[in-house]
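In what follows, a structure is listed as structure tokens, so that the remarks can point back to it.
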Amino acid sequence: MNAPQFKPVADHAILVDFASEISDDVNRMVIALDHAITTAQIKGLQEVVPALVNLLVVFDPLETDHVQVEKDVRSLLPVAPASDAQATHHTLDICYEADFSPDLAAVAKACGMSEDAVIQAHSSARYRVGMYGFAPGYAYLAGVPEAIQVPRKTAPVRDIPAGSVMIAGPQCLATTIVMPTGWSIIGHTPAKIMTGNPDRPFLFDVGDTVSFNRVRREAL
Amino acid sequence: MISALLRVIHAGPLVSIQDGGRDGHMRFGVSASGPMDRTSFAIANTALGQPEGATGLEVSLGGLVLECKQGAVSIAVAGGGFSVDCAGVKTTAWTVQTLHEGEKLTIRGGAWGSWTYLTFAGDLKASKWLGHTATHSMSGFGGGALRSGQDIEIEDAQIRNDRTGDIPCPAFAQPDGQARVVVGPQDQHFAPSSVATFLNTPYKLTDAFDRMGVRLNGPQLKLNEALSIPSEPILRGSVQVAGDGVPTVLLADHQTTGGYPKIATVISSDLDRLSQMRAHDSVAFTAVSPEDAISIVRAEARQRRAYLDELAKPRPSLNERLLRENLIGGVISGAED
């Protein structure tokens, strides 16, 4: 893999870009560098925002500058891609029953499968938290099996309740607040991704692995 | 502990509780929120001797009317050219006054500016999220938006006669129609002529303007090709361009990631002034190098620090002032820096 590109952003950040296309390998490099930066003692570092193919390093421009931060980050390279073996695993309960899964039938139809086969595929896959984005606690879980990958809907649907489990392309996401979405909703999870615990307010770290455990409505 | 109770008689849209903002959570999808104009917010708090990030109210052009139901508290208003009526005393923003039981405070939009800040000599009681009262508008978490009819409580309410009067409105808190940017980080997705157009043509702010961002009106910015780039981190100040070629400047409650390319990013020292502009105002974007951006931001930070340090000092009482003037006599030559 090529060495990452460093791009200055405004007066207080650098975007470290590993690739322009999404892949597992690239995301694992991002996660590894995120970990290296957050555990290193970089002067003036304010926060690191990992995403799918790049990460943003935000710093205090009164304390350091782009040149110094680039040097500090480069000193941590190369990194070995993050492996699932070092990641924390989370198992989330999910209920796929009717009225929790308004788009299950459409996904099944689009994929030429039975609803049960879609559920089977979704619940037996292992996912990786590729990044958080868009809204608080929205963790993008990579790893939707190819057989059940469907594109985004053409128009978003409003007021999707928190706890909805939805898919679009290779990504799966459990919602945390009421929001519009164009993704396909196939289930509901009672898991609290925003934990309410001030010491650990969000359930996952980027790079954690996730699987789903199918439960009946009565178990919620 | 003495508290003051204030009833919200009227709150326009986008009037919300804010503190200095909850930095450090973008990795979990949470933008910092906090005041749209952080400079004026810090001034409003400092003028009362409060910490710069103490909880206060952000007032939009929709305005705010409060009535003091119980107790008394000194207040400061800073930001924009808003009009203020505190118990019949009419001023513009940039003032410290005291509100007593039975008195009303009315804040309305004025000659310029989109946001003003109302702060209190005391602690505004508000719910916190992730350690901050700043309202995150997408989720409503934090202190929240104000609604007509609700009561707000100021704990440990104080009267600060040593602070009453005008606050000088510094030039750096007034919009000047300029915003300096560092080009990128996704300028490679634009035709070179688009970057030139963005930098050489003034854009107008539109009324698609809220705490998440402001859409601009001006020449379309052409992308090299219709593309979908992976979702990338966004900063406050990112100028993202959607498929329709229309740029949007992301502001305090921005989404933390997005798949639209960013042609440029406004430098942090210029964002507060940009946020104070109004729909249909014209803004000229000029490019600076990352090195120059750092020098500019450091110079502005020194200027702000000097202003705030001076403002933090209580005013001497009238007697002390007279005494001081007598002592100094006419010797002030203006050479004093």
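As you go down the protein sequences, you meet chains E and U in turn.
The first sequence lines up with residues 8 to 227 when you count with the working numbering.
The second sequence lines up with residues 1288 to 1624 when you count with the working numbering.
C-beta: ideal position from N, C-alpha, C; glycine also.
The structure presented is a predicted model; accordingly, all values stated were derived computationally and were not measured.
Assign residue i to one of two classes, buried (16 or more other C-beta atoms within 10 Å of its C-beta) or exposed (fewer than that).
i: Ala-1539/U; result: buried
i: Leu-1348/U; result: buried
i: Leu-1598/U; result: buried
i: Asp-206/E; result: exposed
i: Val-16/E; result: buried
i: Asn-1332/U; result: buried
i: Gln-93/E; result: exposed
i: Arg-1434/U; result: exposed
i: Arg-1592/U; result: exposed
i: Asp-1624/U; result: Its pLDDT being 38, under 50, Asp-1624/U is placed unreliably by the model, and the measurement read from it follows with that caveat. Counting Cβ neighbours within 10 Å, Asp-1624/U comes out exposed, since fewer than 16 surround it.
i: Ser-1576/U; result: exposed
i: Arg-224/E; result: exposed
i: Glu-1345/U; result: buried
i: Pro-197/E; result: exposed
i: Ile-121/E; result: Rather than Ile, the amino acid found at residue 121/E in this sequence is Ser. Answer is exposed; the Cβ neighbour count stays below 16.
i: Val-1528/U; result: buried
i: Lys-116/E; result: exposed
i: Gln-1305/U; result: buried
i: Arg-165/E; result: exposed
i: Gly-140/E; result: buried
i: Pro-1520/U; result: buried
i: Lys-14/E; result: buried
i: Pro-1472/U; result: buried
i: Thr-46/E; result: exposed
Skipping 5 residues on each side, what residues in its chain have a beta carbon closer than 7 Å to that of residue i?
i: Thr-1484/U; result: Pro-1506 and Leu-1508
i: Gln-53/E; result: Val-65, Phe-66 and Asp-67
i: Ala-39/E; result: Val-86, Ala-87, Pro-88 and Ala-89
i: Tyr-1547/U; result: Gln-1527, Val-1528 and Ala-1529
i: Pro-57/E; result: Val-37, Ile-38, Asp-41, Met-138 and Val-213
i: Gly-1616/U; result: Reliability of the predicted coordinates at Gly-1616/U is poor, the pLDDT of 49 falling under 50, and no value is obtained from them.
Please identify the residue among the options whose C-alpha is closest to the C-alpha of residue i.
i: Ile-1583/U; options: Arg-1565/U, Pro-1601/U, Leu-1558/U and Gly-1307/U; result: Leu-1558/U
i: Ile-1441/U; options: Ser-1435/U, Ala-1331/U and Cys-1355/U; result: Cys-1355/U
i: Ala-1359/U; options: His-1297/U, His-1387/U, Ala-1593/U and Leu-1351/U; result: His-1387/U
i: Pro-68/E; options: Ile-193/E, Leu-83/E, Gly-51/E and Met-173/E; result: Gly-51/E
i: Asn-61/E; options: Val-222/E, Val-213/E, Ser-218/E and Val-217/E; result: Val-213/E
i: Cys-1373/U; options: Lys-1415/U, Gly-1464/U and Thr-1385/U; result: Thr-1385/U
i: Ser-1414/U; options: Pro-1603/U, Arg-1325/U and Gly-1430/U; result: Gly-1430/U
i: Pro-168/E; options: Asp-1438/U, Ser-1426/U and Ile-1550/U; result: Ser-1426/U
i: Pro-208/E; options: Leu-1293/U, Arg-1447/U and Val-1317/U; result: Val-1317/U
i: Asn-1511/U; options: Gly-1311/U, Leu-1405/U and Phe-1477/U; result: Phe-1477/U
i: Leu-210/E; options: Ile-155/E, Tyr-147/E, Pro-163/E and Asp-72/E; result: Tyr-147/E
i: Ile-1296/U; options: Asp-1531/U, Asp-1438/U and Gly-1452/U; result: Asp-1438/U
i: Asp-110/E; options: Phe-219/E, Val-222/E and Ser-191/E; result: Ser-191/E
i: Ala-1334/U; options: Gln-1590/U, Tyr-1404/U and Arg-1502/U; result: Tyr-1404/U
i: Val-74/E; options: Gly-1367/U, Ala-1432/U, Ile-1581/U and Gly-1389/U; result: Ile-1581/U
i: Gly-1340/U; options: Ile-1289/U, Leu-1353/U and Met-1323/U; result: Met-1323/U
i: Phe-1496/U; options: Pro-1534/U, Pro-1455/U, Leu-1417/U and Ile-1289/U; result: Pro-1534/U
i: Glu-104/E; options: Gln-12/E, Val-217/E, Gly-203/E and His-195/E; result: His-195/E
From the DSSP secondary-structure annotation, give me the bridge partner or partners of residue i.
i: Val-172/E; result: Ala-181/E and Gly-194/E
i: Asp-1453/U; result: Thr-1382/U
i: Ser-218/E; result: Thr-98/E
i: Asn-1332/U; result: The partner list for Asn-1332/U (beta bridge, DSSP) is empty, contrary to what the question assumes.
i: Pro-15/E; result: Ile-21/E
i: Leu-1595/U; result: In the DSSP output, where bridge partners are listed per residue, Leu-1595/U has none listed.
i: Phe-250/E; result: Because chain E in this structure spans residues 8 to 227, residue 250/E falls outside the shown range and cannot be described.
Take residue i and list the residues in its own chain whose beta-carbon comes closer than 6 Å to its own, dropping the five residues that flank it on each side.
i: Asn-34/E; result: Leu-59 and Gly-137
i: Gly-1308/U; result: Ala-1319, Ser-1320, Gly-1321 and Ala-1421
i: Gly-1299/U; result: Ser-1347, Gly-1349 and Gly-1350
i: Pro-1462/U; result: Arg-1560, Gln-1563 and Met-1564
i: Ser-1424/U; result: Arg-1498 and Asp-1540
i: Asp-1474/U; result: Val-1482 and Ile-1550
i: Arg-1467/U; result: Ile-1554, Asp-1557, Thr-1573 and Val-1575
i: Met-201/E; result: Gly-144 and Thr-183
Does the beta carbon of residue i fall short of 7 Å from some heavy atom of the ligand NAD?
i: Trp-1399/U; result: The ligand content of the structure shown is nil, which means the ligand NAD is not present either.
Taking 8 Å as the limit between beta carbons, can you name the residues of its chain near residue i, skipping five residues before and five after?
i: Asp-215/E; result: Ala-94, Thr-95, His-96, His-97, Arg-135 and Val-136
i: Met-150/E; result: A quick correction: the sequence has Gly, not Met, at residue 150/E. Here the set comprises Ala-132, Arg-133, Tyr-134, Arg-135, Pro-177 and Cys-179.
i: Ala-112/E; result: Glu-122
i: Gly-1621/U; result: The pLDDT assigned to Gly-1621/U is 37, lower than 50, so where the model puts this residue is not dependable, and the model offers no usable value.
Write down every uninterrupted run of the beta strand (DSSP E) in the stretch 1404-1441 of chain U whose length is 3 residues or greater and which is fully enclosed by it, in chain order. none
Notebook entry, point to check: If you scan the stretch 1486-1570 of chain U from start to end, which runs of the alpha helix (DSSP H) of 4 or more residues do you find wholly inside it?
Noted result: 1555-1562
*Length at least 4, wholly inside the stretch 81-160 of chain E: the alpha helix (DSSP H) runs in chain order*: 111-118 and 122-131
Exercise for review: Could you name each continuous beta strand (DSSP E) segment of 3 residues or more that falls completely within the stretch 1312-1374 of chain U, going from the start of the chain to the end?
Suggested key: 1343-1346, 1351-1357, 1359-1365 and 1370-1373
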